[in-house]
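Here's the structure, in structure tokens; my notes come after.
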Ligand code: NDP
């Protein structure tokens with residue numbers, strides 16, 4: 003007879019066949035929960051799985067704005083408020099042409115467990131739009147963000163739902179969103195995180211996800227009596243998470259030798275120059291070909307020169323790999339290439355960057371594997387610290403926030419490792435993180451009753 007997990011997954015597949023990313027995320031989480039479900043029959047009795055895979059609320063809206071030529075443009079905006087059992091909804095806003103309900107539901111679903119793991123009182127959500135910020139002027143970005151907030155403001159608030167950044171949504175976009183939110187609600191509060199330091203942002207929030215993923219990898223290495231110091235690392239992506247992952251790797255004495263964007267990869271045997279990377283990506287907003295123009299030791303490989311189902315970054319020999327770009331950027335063939343080249347550690351900065359097959363390959367090989375919902379939780383955890391500072395009308399030093407971030411990443415690692423050990427698989431942090439994140443939310447849902 004089919005197990006509880008199998009029945010829920012099958013029914014979901016029938017209901018949402020057009021949502022592959024969401025189904026992938028659900029399968030990854032639910033498959034590892036079976037031992038916890040066996041141990042506590044209350045979860046099935048209270049239909050926790052059936053309830054936890056459905057968002058509490060999904061908002062979809064039209065976003066009309068006017069471009070620099072005076073033409074009217076129309077995009078779709080979304081907010082998926084997935085689960086508020088342990089705290090107000092929280093999760094980023096993604097601005098990318100690939101955004102659809104499947105991707106936002108996968109991200110929102112993952113966010114429930116990630117936020118629970120941080121040990122802080124935060125529910126799970128995600129939102130965004132199919133708007134493409136690439137090539138748009140500052141004024142166009144501003145008009146889009148204002149139009150987006152004109153609808154979204156009705157559904158958010160400091161104790162209701164607190165959006166943040168994600169792909170395509172950085173400090174500039176959060177600034178425009180916050181300005182409009184403040185005007186519409188007449189409230190200066192902590193409803194958006196990732197704000198500019200001039201109006202309530204937190205020091206170390208920009209760096210938090212990238213730094214946090216390295217702290218998490220260090221915790222995994224400590225548990226194995228090994229270290230990242232002196233080791234070669236590969237990083238994918240060239241945005242917020244990748245940049246600060248590279249910076250922290252340098253600070254701890256490791257050497258990141260790659261970064262990538264949607265068009266190609268940089269290999270720099272001398273170690274990625276973070277100052278140049280920031281100049282190219284944060285200031286010039288240019289392609290990585292520009293990095294190769296500025297750094298003579300760098301070699302650029304265009305993505306188009308590589309086989310369609312492979313990613314050049316993962317062919318570079320390394321001790322540790324940090325996927326920090328986007329979902330499904332590391333498949334089984336990529337995982338095999340990493341393992342064949344001696345990779346001993348994978349820590350995920352992006353959300354769901356490894357396919358299910360790649361995850362199984364890492365677990366079977368017994369390397370240190372830090373799944374996204376644990377390894378990249380530093381961003382949302384620091385967002386919560388921003389909310390705390392806003393509520394107390396205060397601002398903490400960089401060292402204070404970074405210190406709290408370090409403690410939180412260690413707590414997340416230790417919680418996932420202890421839970422994995424409790425269920426007899428001490429090296430399986432996927433199982434440990436999923437069960438630890440799930441139990442807190444499920445127990446809260448039971449305690450709050452059926453409502
Ligand atoms: P950014 O927009 O700052 O950077 C994203 C980077 O990934 C860019 O270099 C982009 O290249 C690249 N990229 C995007 N899509 C693709 C693709 N299809 N193929 C190859 N490269 C791609 O986003 P972030 O750094 O903020 O986010 C990166 C990942 O980390 C996402 O999965 C996000 O959900 C996750 N994350 C982010 C957090 C944060 O605090 N920012 C918190 C937790 C998770 P290009 O410039 O060419 O588009």
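Residue numbers (my numbering): 3 to 453. Glycine residues also receive a C-beta, built at the ideal position from the N, C-alpha and C atoms.
* Hey, how far is the Cα of residue 126 from the Cα of residue 82? -> One-based indexing of the chain shown puts residue 126 at position 124. One-based indexing of the chain shown puts residue 82 at position 80. If you take the alpha carbons of residue 126 and residue 82, they lie about 9 Å apart.
* Looking only at its own chain, which residues have a Cβ that is under 7 Å from the Cβ of residue 99, when we skip the five neighbours before and after it? -> Residue 99 sits at position 97 when you count from the first residue of the chain shown. The answer, listed in chain order, is 132, 134.
* Sufficient close CB pairs (3 or more, under 8 Å) joining the stretch 30-49 to the stretch 82-93 -> no
* To do: May I ask whether a heavy atom of the ligand NDP can be found less than 7 Å away from the beta carbon of residue 281?
  => On the chain shown, residue 281 is found 279 positions in, with the first residue counted as 1. Result no, Cβ not under 7 Å from the ligand NDP.
* May I ask whether a heavy atom of the ligand NDP can be found less than 7 Å away from the beta carbon of residue 265? => Within the chain shown, residue 265 is the residue found at index 263, counting from 1. Under cutoff, so the answer is yes.
* **Closest by C-alpha distance to residue 173, when choosing among 313, 231, 204** => In the chain shown, counting from the first residue as 1, residue 173 sits at position 171. It is 204.
* Is it true that the stretch 272-288 meets the stretch 217-233, where meeting means three or more beta-carbon pairs spaced less than 8 Å apart? -> no
* Does the beta-carbon of residue 381 have 16 or more other beta-carbons within 10 angstroms, so that it is buried, or is it exposed? -> On the chain shown, residue 381 is found 379 positions in, with the first residue counted as 1. Residue 381 is buried by the Cβ-count criterion.
* Mind listing, in chain order, the continuous beta strand (DSSP E) runs of no fewer than 3 residues lying wholly within the stretch 104-142? => 126-131
* Got a sec? Which residues, its chain only, sit under 6 Å from residue 427 by beta carbon, not counting five neighbours each side? -> Working through the chain shown from its first residue, we reach residue 427 at position 425. The residues are 433.
* **Given residue 348 as reference, the closest of 451, 216, 191, 276 once Cα atoms are compared** => Translated into the one-based positions of the chain shown, residue 348 becomes position 346. Closest option to residue 348, Cα to Cα, is 216.
* What is the DSSP secondary structure of residue 447, reduced to helix, strand or coil? -> Within the chain shown, the letter at position 445 stands for residue 447. Looking at residue 447 - three-state DSSP - the assignment turns out to be helix.
* Asked: How about residue 326: is its Cβ closer than 7 Å to a heavy atom in the ligand NDP?
  -> Translated into positions along the chain shown, residue 326 becomes position 324. Answer for residue 326: yes, Cβ within range of the ligand NDP.
* Where does residue 230 fall in DSSP's three states? -> In the chain shown, the residue the question calls residue 230 occupies position 228. In the structure shown, residue 230 sits in coil (DSSP, three-state: anything other than H, G, I, E or B).
* To do: Pull up the distance between the alpha-carbon of residue 440 and that of residue 55, whole angstroms please.
  => By one-based count along the chain shown, residue 440 stands at place 438. By one-based count along the chain shown, residue 55 stands at place 53. Distance between the alpha carbons of residue 440 and residue 55: 12 Å.
* Using 10 angstroms around the beta-carbon of residue 222, count the other beta-carbons present and answer buried if the total reaches 16, otherwise exposed. => Residue mapping note: residue 222 aligns to position 220 of the chain shown, counting from 1. With 16 or more other Cβ atoms within 10 Å, it is buried.
* How long is the line joining the alpha carbons of residue 429 and residue 189, rounded to whole angstroms? -> The residue labelled residue 429 in the question sits at position 427 within the chain shown. The residue labelled residue 189 in the question sits at position 187 within the chain shown. Residue 429 and residue 189: Cα-Cα distance of roughly 47 Å.
* To do: Use the C-beta contact count for residue 287: other C-beta atoms within 10 angstroms, 16 or more gives buried, fewer gives exposed.
  => Mapped onto the chain shown, residue 287 falls at position 285. Answer is exposed; the Cβ neighbour count stays below 16.
* Using the DSSP secondary-structure output, state which residues sit across from residue 332 in a beta bridge. => Here residue 332 refers to the residue found at position 330 when the chain shown is read from its first residue. Residue 332 pairs with 356.
* Given a threshold of 16 other Cβ atoms within 10 Å of its Cβ, counted over all protein chains shown, does residue 30 qualify as buried or as exposed? -> As a position in the chain shown, residue 30 is number 28, starting the count at 1. By the 10 Å Cβ count, residue 30 comes out buried.
* Asked: Counting along the chain, where does the alpha helix (DSSP H) carrying residue 247 start and finish?
  -> For the purposes of this step, residue 247 is taken as residue 245 along the chain shown, with counting starting at 1. From DSSP, the alpha helix (DSSP H) with residue 247 extends over 242-253.
* Proximity test, residue 378 beta-carbon vs the ligand NDP heavy atom, cut-off 7 Å -> For the purposes of this step, residue 378 is taken as the residue at position 376 of the chain shown. Yes, the ligand NDP has a heavy atom inside 7 Å of this Cβ.
* Specify, as a first and last residue, the run of the beta strand (DSSP E) that residue 1 falls within. => In the structure as shown, the chain begins at 3 and stops at 453. Residue 1 is therefore absent and cannot be evaluated.
* Kindly indicate the opening and closing residues of the beta strand (DSSP E) around residue 322. => As a working mapping, residue 322 is identified with position 320 in the chain shown. 322-325 is the span of the beta strand (DSSP E), which, as asked, contains residue 322.
* Between the C-alpha atoms of residue 48 and residue 451, what's the straight-line distance to the nearest angstrom? -> Sequence index remark: in the chain shown, residue 48 carries index 46 (1-based). Sequence index remark: in the chain shown, residue 451 carries index 449 (1-based). Spanning the two alpha carbons is a distance of roughly 9 Å.
* Asked: From the DSSP output, which residues share a beta bridge with residue 315?
  -> Counting from one through the chain shown, the residue named residue 315 turns up at place 313. Residue 315 is not bridged to any residue.
* Asked: When the Cβ atoms of the stretch 175-189 are set against those of the stretch 146-166, are three or more pairs found closer than 8 Å?
  -> yes
* In the DSSP assignment, what are the bridge partners of residue 95? -> Here residue 95 refers to the residue found at position 93 when the chain shown is read from its first residue. DSSP lists 129 as partners of residue 95.
* To do: Out of 196, 162, 163, state which residue places its alpha-carbon closest to the alpha-carbon of residue 178.
  => By 1-based counting over the chain shown, the position of residue 178 is 176. It is 196 whose Cα lies nearest to the Cα of residue 178.
* Asked: Looking at residue 143 and the ligand NDP, is the gap between the Cβ and the nearest heavy atom below 7 Å?
  -> In the chain shown, the residue the question calls residue 143 occupies position 141. Result no, Cβ not under 7 Å from the ligand NDP.
* Asked: Looking at residue 407 and residue 206, is the spacing between their C-beta atoms short of 8 Å?
  -> One-based indexing of the chain shown puts residue 206 at position 204. One-based indexing of the chain shown puts residue 407 at position 405. Yes; because the gap between Cβ atoms is below 8 Å, this pair is in contact.
* Enumerate in chain order the residues of its own chain whose CB-to-CB distance from residue 343 is below 6 Å, with the five nearest sequence positions on each side excluded. => As a first step, residue 343 must be located in the chain shown, where it is residue number 341. Cβ within range, chain order: 319.
* To do: Report yes if the CB atom of residue 141 is closer than 8 Å to the CB atom of residue 191, and no otherwise.
  => In the chain shown, counting from the first residue as 1, residue 141 sits at position 139. In the chain shown, counting from the first residue as 1, residue 191 sits at position 189. No. Outside cutoff.
* Asked: Just to confirm, are residue 167 and residue 176 a CB contact at a threshold of 8 Å?
  -> What you label residue 167 is simply residue 165 of the chain shown in a count that begins at 1. What you label residue 176 is simply residue 174 of the chain shown in a count that begins at 1. Going by C-beta atoms, residue 167 is nearer than 8 Å to residue 176.
* Identify, in the order they occur along the chain, each residue of the same chain with its Cβ nearer than 8 Å to the Cβ of residue 254, setting aside the five sequence neighbours on each side. => Walking along the chain shown from the start, residue 254 turns up at place 252. Closer than 8 Å at the Cβ level, and outside the excluded window around residue 254, lie 216, 220, 230, 231.
* Flag this pair as touching only if the stretch 361-379 and the stretch 107-119 have three or more C-beta atom pairs under 8 Å; answer yes or no. => yes
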